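Student:
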Amino acid sequence: MPAPHPLARRIHDRVLGLLGTALVKTEMCETLGNLGRQDEIPATLAELRSALEETIVELRAIMAELRTAPADEDALKNSAV
273 MPAPHPLARR
283 IHDRVLGLLG
293 TALVKTEMCE
303 TLGNLGRQDE
313 IPATLAELRS
323 ALEETIVELR
333 AIMAELRTAP
343 ADEDALKNSA
353 V
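Numbering (the working numbering), first residue to last: 273 to 353.
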């Protein structure tokens, strides 16, 4: 089996990791609210915002790489078949 494309690995390792962190932070806010610990929610929301901002930066970087990457000749040939 061939090694995964570097961008696929980056999406998996970085973007999905950041989105997973964001999901956990939303769950934490819900739990904190249910426990009556509303005073802790703003800090958790700040962490959530940070994770989402990092995700946006990473996705923009990946998109920029895709725009400037030379076309993969083999992929183009295979898609034309």
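All C-beta atoms, glycine included, are put in the ideal place defined by N, C-alpha and C.
What you are looking at is a predicted structure, and each value in this text was computed from that prediction instead of being measured.
Between which residues of its own chain and Leu324 is the CB-CB distance below 7 Å, once the five residues before and five after are set aside?
Tutor: Ala294
Student: Pick out whichever of Ala280, His284 and Val296 has its Cα sitting closest to the Cα of Glu354.
Tutor: Because residue 354 is not part of the residues shown, which for the chain are 273 to 353, the question remains open.
Student: What distance in whole Å lies between the Cβ atoms of Glu337 and Val287, which are believed to be in contact at a cut-off of 8 Å?
Tutor: Contact doesn't hold; Cβ gap of about 13 Å is too wide.
Student: When the Cα atoms are used, what is the spatial distance from Thr316 to Ala280?
Tutor: 29 Å
Student: Compute the distance between the beta-carbons of Leu290 and Glu326, then report whether it is under 8 Å.
Tutor: Yes.
Student: Between which two residues does the alpha helix (DSSP H) harbouring Ala315 extend?
Tutor: Ile313 to Thr340
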